[in-house]
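What follows is a set of notes on a single structure, which appears directly below.
In the working numbering, the protein residues as written are 138 to 278.
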């Protein structure tokens, strides 16, 4: 019996060390490091239409709260981002706010996401709720 434990322990240690520990990190730490591409926007429900501020492009979130956004036309915007945690009943929500400006054209873009959820190490979704309609923004690293 002792031989089984001695054999299983190194195998379990190897498996545990190779698994990603990202789910243990705060959302602030998970979003930084690397570039995120907004690759899809879906909507579900009935009600008012909403014009998404960000429709495509790549985001680089810095741990300092700075963000760089490059749209499909190659225009670069810089600004800030913030994640806030709060409880709505028994549900924990993580809101994401992004505000950027292109200093050459003086165009400013900002978006408030009502909730965000990581669906893996390299993917997350952010949601905008407008009445009975929910818009899902999908990001990948």
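Virtual Cβ for every residue (Gly too), placed ideally from N, Cα, C.
Excluding sequence positions up to five before and after residue 168, its CB lies within less than 6 Å of the CB of 198, all in the same chain and listed in chain order. Around the Cβ of residue 194, a 10 Å sphere holds 16 or more other Cβ atoms; the residue is buried.
In the DSSP annotation of this structure, residue 252 is not part of any alpha helix (DSSP H); the continuous beta strand (DSSP E) holding it starts and ends at 252–257. Listed as beta-bridge partners of residue 183 by DSSP are no residues whatsoever. Boundaries for residue 166: no beta strand (DSSP E) harbours it, while the alpha helix (DSSP H) harbouring it runs 164–168, taken from the DSSP string.
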